[in-house]
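Residues 17 to 277 in my numbering are what the sequence shown lists, from first letter to last.
Heads up, the beta-carbon is just placed ideally off N, CA and C, and yes, glycines get one too.
Model, not experiment: these values are computed from the prediction.
Please read the structure below before turning to the comments.
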Amino acid sequence: MPLLTLLLINAAVSAVAFVALWLIGLRLKDVSFVDAWWGVGMALIAWATLVQSGATPHGVLLTGLCTVWAARLGGYLLWRWRRQGPDRRYVTMMHYAETQRGWGFAKASALLVFALQYLLQFVVALPVQLGQLIAAPLGGLAIAGTVLALVGIGFESLGDWQLVRFKAQPANAGKVLDTGLWRYTRHPNYFGDACVWWGLYLIAAETGLGAWALPGPVLITVLLTRWSGVPTVEGRMRRKRPDYEAYVARTSGFVPWFPKA
17 MPLLTLLLIN AAVSAVAFVA LWLIGLRLKD VSFVDAWWGV GMALIAWATL VQSGATPHGV
77 LLTGLCTVWA ARLGGYLLWR WRRQGPDRRY VTMMHYAETQ RGWGFAKASA LLVFALQYLL
137 QFVVALPVQL GQLIAAPLGG LAIAGTVLAL VGIGFESLGD WQLVRFKAQP ANAGKVLDTG
197 LWRYTRHPNY FGDACVWWGL YLIAAETGLG AWALPGPVLI TVLLTRWSGV PTVEGRMRRK
257 RPDYEAYVAR TSGFVPWFPK A
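Structure follows, in structure tokens:
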């Protein structure tokens with residue numbers, strides 16, 4: 017199948033899913049659940065590619081790893097949304113759009129949430145699309161990418177689990193988690209996420225064509241470190257946690273490292 021045709025079909029499948037989610041958001045008057053679709057939607061794109069291109073060795077590996085990552089992350093974020101309710105980031109975003117721009121909820125959610133995530137998701141998912149189209153035996157680069165992706169899945173899973181346990185203790189209210197993985201990086205979940213997509217890129221790059229998927233891992237790294245990940249969390253933590261500045265001073269911001277004395 018021609019590459020352009022495959023990408024257009026994937027884009028259409030993803031668009032249908034996002035329109036359906038937008039309609040659900042209108043009914044709920046809440047878009048917070050879209051975070052749970054971030055990973056699941058990429059797995060959908062991976063499976064759509066697998067169906068169209070056939071089960072190449074790299075395609076099966078990429079789709080399998082992406083599905084495991086998406087199931088874990090999507091399940092966790094869906095559980096968190098059901099437990100905590102609307103995400104304050106989206107509530108603030110919708111309120112600003114409605115009060116400052118005069119947009120209704122339908123327009124604001126469509127343009128600022130669903131359309132934007134649709135575009136970002138498609139670009140980030142490039143490795144699980146381009147890496148499936150050429151049949152080739154798995155080699156050293158695929159092995160390295162698999163190890164890195166599995167390490168990333170384990171790292172972010174453990175980090176999220178440690179954070180949930182910490183928040184579940186009433187005595188920790190207002191405190192900063194600085195034990196476990198959080199002792200070595202302020203954002204083990206985001207670091208793990210980046211490792212997953214750089215690992216998937218290495219697998220894809222081994223096919224040759226997949227090397228052109230570089231914008232995918234670059235974009236997710238920028239999103240996590242410069243836009244929707246680290247900056248939003250750190251801004252909130254600095255305002256609400258008096259001990260956070262000291263934590264920042266001694267703890268690596270992203271890549272795990274030993275804390276400063």
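Query	Result
Less than 7 Å between the C-beta atoms of Val-144 and Cys-82, yes or no?	yes
Residue range of the alpha helix (DSSP H) that Ser-69 falls in?	50–69
Which same chain residues, not among the five before or five after Val-212, have their C-beta less than 7 Å away from its C-beta?	Trp-85, Ala-165, Gly-168 and Ile-169
Look at Ser-69 and Gln-148 and say whether their C-beta atoms are less than 7 Å apart.	yes
So, under 8 Å CB-CB, Ala-113 and Leu-89 are touching, yes? Tell me the CB distance rounded to an integer number of Å.	So it is not a contact: roughly 27 Å between Cβ atoms.
Is Ser-48 near Tyr-106, with beta carbons less than 7 Å apart?	yes
Just how far apart, CA to CA, sit Leu-278 and Gly-155?	What is shown of the chain runs 17 to 277, which leaves residue 278 out entirely.
Drop a sphere of 10 angstroms on the beta-carbon of Gln-133, count the other beta-carbons inside from all chains shown, and report buried for 16 or more, exposed for fewer.	buried
Between the Cα of Val-280 and the Cα atoms of Leu-225, Arg-99 and Tyr-260, which residue gives the shortest distance?	Residue 280 is absent from the structure shown; the chain starts at 17 and stops at 277.
Under the assumption that Leu-78 contacts Leu-216 (Cβ atoms under 8 Å), give the Cβ distance between them as a whole number of angstroms.	6 Å
Using a Cβ-Cβ cutoff of less than 6 Å, which residues in the same chain neighbour Gly-251 once the five nearest sequence positions on both sides are dropped?	none
With Pro-153 and Pro-73 assumed to form a contact (beta carbons below 8 Å), what rounded beta-carbon distance in angstroms separates them?	6 Å
For a test of the three-state rule: what should DSSP assign to Ala-151, helix, strand or coil?	coil
What is the DSSP secondary structure of Glu-250, counted as helix, strand or coil?	helix
Rounding to the nearest angstrom, what Cα-Cα distance links Arg-242 and Leu-142 in this structure?	20 Å
According to the Cβ coordinates, are Phe-34 and Phe-121 closer than 7 Å?	no
Can you grab the Cα-Cα spacing for the pair Trp-38 / Leu-239, in whole Å?	22 Å
Please classify Val-32 as buried or exposed, where buried requires at least 16 neighbouring CB atoms within 10 angstroms.	exposed
Which residues in the same chain as Arg-199 place their Cβ atom closer than 8 Å to its Cβ, once the five residues preceding and following it in sequence are excluded?	Thr-267 and Pro-275
Can you list, in chain order, the residues of its chain with a C-beta nearer than 7 Å to that of Gly-55? Leave out the 5 residues immediately preceding and following it.	Trp-85, Ala-86, Leu-89 and Gly-90
Sort Tyr-206, Arg-255 and Lys-256 by Cα distance to Pro-233 and report the nearest one.	Tyr-206
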